[in-house]
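In what follows, a single structure is set out as structure tokens and then discussed.
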Amino acid sequence: MGESPPTLQRATERDHNVIVRLIDAAAEWLRTKNTDQWAQPWPSVEDRNHRILRDLQAGKTWIAWDEGVPAATITADPADSPIWPAETLRDRAVYVCRLVVSRGHAGLGLGAALLDWAGLRAMRRYGAHWVRVDVWTTNKTLHGYYERQGFEFCGFSEEIDHYPSAALFQKATNHIEPAGRALFQLDSASQRLEL
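End of the sequence shown = 197 in this note's numbering, gap-free, step of one.
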């Protein structure tokens, strides 16, 4: 990492290829692990790219930049996710997806910090009680990662047939502990939007 922490800023349509490259690099690394996660875009490259573009256009995607290098990305959505059972949708939540940390920034806690940031931001902005994520169904190592971050396993979704990320995890926003040190900073434009 650079001398100062990475700068988190809202991504735009111009960042589409940056997001795709982060995902593709993570998929290549995952091929060396014992998982089928992201072996192929679901259900197709076109569909994946359309979802990325849609979230960029809606202002839901963020990139942490480390001296001009994309260090990580996260998409945070306040809208109810169709993956979660209807009875869970009574509680306000933020639904995160496409949390990707570059291999050069792995192991520094950046992913955990982004998850907590998304939860605290959603709690402040609209009273969210939960940070929720649907995790690749067969990637038990990733399940363990979310459990180590304080997420609880809520079962498997049956809402969409053949959906590969059907393992549901959530973390109460009031259980998020403030970080001891800043692993990223908001860019000045995003800070003004947050006020």
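In this text, a Cβ means the ideal position worked out from N, Cα and C, and glycines have one as well. Treat the numbers as computed from the prediction; the structure is a model and nothing was measured.
Query                                                                                                                        : Result
Buried versus exposed, by CB contacts within 10 Å (16 or more), ARG123                                                       : buried
GLY109 (DSSP reduced to helix, strand or coil)                                                                               : coil
Where GLY146 sits in the DSSP three-state scheme                                                                             : helix
Cβ neighbours of CYS156 in the same chain (closer than 7 Å, five flanking residues each side left out)                       : LEU170, PHE171 and GLN172
Pair within 8 Å by beta-carbon distance, GLY152 and HIS177                                                                   : yes
Assigned secondary structure, TYR97 (DSSP; H/G/I helix, E/B strand, else coil)                                               : strand
Beta-carbon contacts of ALA168 that lie in its chain and below 6 Å, excluding the five residues immediately before and after : THR139, PHE158 and SER159
Beta-carbon proximity list for GLU149, same chain, < 8 Å, skipping 5 on both sides                                           : PHE155 and PHE171
Selection from ALA74, HIS107, VAL133 and ILE54 that minimises the alpha carbon distance to LEU91                             : VAL133
Residue range of the unbroken beta strand (DSSP E) whose run includes ASP68                                                  : 63-68
Contact between the segment 9-21 and the segment 59-68 (3+ Cβ pairs under 8 Å)                                               : yes
Spatial distance of GLU179 from VAL22 (CA atoms)                                                                             : 31 Å
CB contact flag (SER104, ALA74, <8 Å)                                                                                        : yes
Test item: CB-CB of VAL137 and GLY121 under 8 Å                                                                              : no
DSSP three-state assignment for LEU188, whether helix, strand or coil                                                        : strand
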